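Asker: Below is one structure. I have some questions about it.
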Amino acid sequence: MGHLAGSGGGGRSFFRELGRQGCYRAGMWRRLQGQYGLDFPLIHGDAEAIGYPEASFDFAISEYGACLWVDPERWLPESARLLCPGGQLVFLTNSFLITLCMPTEDEMAATERLLRPAFGMYRVEWPGSPGVEFHLSHGDWIRVLRRSGFEVEDLIEVRPAVGATSSYPFVSVE
Ligand SMILES: C[S@@+](CC[C@H](N)C(=O)[O-])C[C@H]1O[C@@H](n2cnc3c(N)ncnc32)[C@H](O)[C@@H]1O
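Start counting at 1 in the sequence shown, then tack on 13, and there's your number in the working numbering.
See below:
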């Protein structure tokens, strides 16, 4: 499944490596499975309707996948359904702040100014792009997570290390 992976445990470096390589091609998943000696089925499907019975997985992860491109009112209840009691969901997406400060022009980095309203942001479309993104305030994330059956254990604001560089035009390290 593209952005939801069940793991029996011991897969920490595997997922760190997945994040580092930003890999979303099935071939790369297969190569990493070999590299880390893990073997589990890979299925390709929509995160809002995965063809597995409830309580099929111990762990779910989305890194700029479902958590960015799928309506949280749909993928979060589906993730909760698929996870065993006590299972964990980890996801990484753009910060609320960067989305508030992102110009609509392509290739322009986020500014220091708030360019859109902080209240009510949810579904976001960018001119000239066919994609639909979902960006929620922290409070809205907490509410939809809890409605879907999750407890929130942590919210980590990722801070770039000294000397880090950006490979995306819409974000500068400053
Ligand atoms: C920027 S890539 C992130 C890939 C991710 N980090 C990974 O390791 O697989 C965005 C991914 O979101 C996936 N995606 C978009 N809509 C989706 C949906 N409705 N269900 C599942 N995946 C979706 C795309 O297929 C693409 O692979």
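Ideal Cβ positions, reconstructed from N, Cα and C, are used throughout, including at glycine.
As the structure is a prediction and not an experimental result, all values here were calculated from the model.
What span of residues does the alpha helix (DSSP H) with Glu86 cover, start to end?
Answerer: Here residue 86 refers to the residue found at position 73 when the sequence shown is read from its first residue. 85–95 is the extent of the alpha helix (DSSP H) around Glu86.
Asker: According to the neighbour-count rule (16 or more other Cβ atoms, all chains shown, within 10 Å of its Cβ), is Cys80 buried or exposed?
Answerer: Position 67 of the sequence shown, counting from 1, holds the residue named residue 80. By the 10 Å Cβ count, Cys80 comes out buried.
Asker: Is Gly78 near ligand 1 - that is, is its Cβ less than 7 angstroms away from at least one heavy atom of it?
Answerer: Counting from one through the sequence shown, the residue named residue 78 turns up at place 65. Because some heavy atom of ligand 1 lies under 7 angstroms away, the Cβ of Gly78 counts as near it: yes.
Asker: Identify which residue in Arg126, Glu67, Ala39, Asn107 has its Cα closest to the Cα of Arg172.
Answerer: Along the sequence shown, read from residue 1 onward, the residue named residue 172 stands at position 159. Cα-wise, what sits closest to Arg172 is Asn107.
Asker: With three or more C-beta pairs closer than 8 angstroms as the rule, is the region 84–101 touching the region 116–123?
Answerer: Verdict: no, contact absent.
Asker: Report, in whole angstroms, the separation of the C-beta atoms of Phe132 and Pro85, which I expect to be a contact under 8 angstroms.
Answerer: By 1-based counting over the sequence shown, the position of residue 132 is 119. By 1-based counting over the sequence shown, the position of residue 85 is 72. In fact, because the Cβ distance is near 17 angstroms, the residues do not count as touching under 8 angstroms.
Asker: Between Ser142, Leu89, Met115, Val175, which lies nearest to Asp153 when the distance is taken from Cα to Cα?
Answerer: Working through the sequence shown from its first residue, we reach residue 153 at position 140. Ranking the options by Cα distance to Asp153, first place goes to Leu89.
Asker: Could you check whether the Cβ of Val83 sits closer than 7 angstroms to any heavy atom belonging to ligand 3?
Answerer: This structure does not include ligand 3; its bound ligands are ligand 1.
Asker: Could you check which residue in Met115, Val175, Leu128, Val145 has the C-alpha nearest to that of Pro182?
Answerer: Position 169 of the sequence shown, counted from the start, is the residue given in the question as residue 182. That would be Met115, whose Cα lies nearest to the Cα of Pro182.
Asker: For Glu91 versus Ala68, is the C-beta spacing smaller than 8 angstroms?
Answerer: Locating residue 91 in the sequence shown gives position 78, counting from the first residue. Locating residue 68 in the sequence shown gives position 55, counting from the first residue. For Glu91 and Ala68, no; Cβs fall outside 8 angstroms.
Asker: Buried or exposed for Ser75, please, with buried defined as at least 16 other CB atoms from any protein chain shown within 10 angstroms of its CB.
Answerer: Here residue 75 is taken as the residue at index 62 of the sequence shown, counted from 1. Flag for Ser75 reads buried.
Asker: Note down the Cα distance separating Val103 from Leu158, rounded to an integer number of angstroms.
Answerer: The count along the sequence shown starts at 1 and reaches residue 103 at position 90. The count along the sequence shown starts at 1 and reaches residue 158 at position 145. Cα to Cα, the separation comes out at about 12 angstroms.
Asker: Assuming the contact rule is C-beta atoms closer than 8 angstroms, His57 and Ala39 should be a hit. Round their C-beta distance to whole Å, please.
Answerer: The residue given as residue 57 occupies position 44 in the sequence shown. The residue given as residue 39 occupies position 26 in the sequence shown. With 8 angstroms as the limit, His57 and Ala39 qualify as a contact, their Cβ atoms being about 7 angstroms apart.
Asker: With a floor of 4 residues, list each alpha helix (DSSP H) that falls wholly inside the region 94–126, ordered by position along the chain.
Answerer: Those alpha helix (DSSP H) runs which fall completely within the region 94–126 and span 4+ residues are 109–113.
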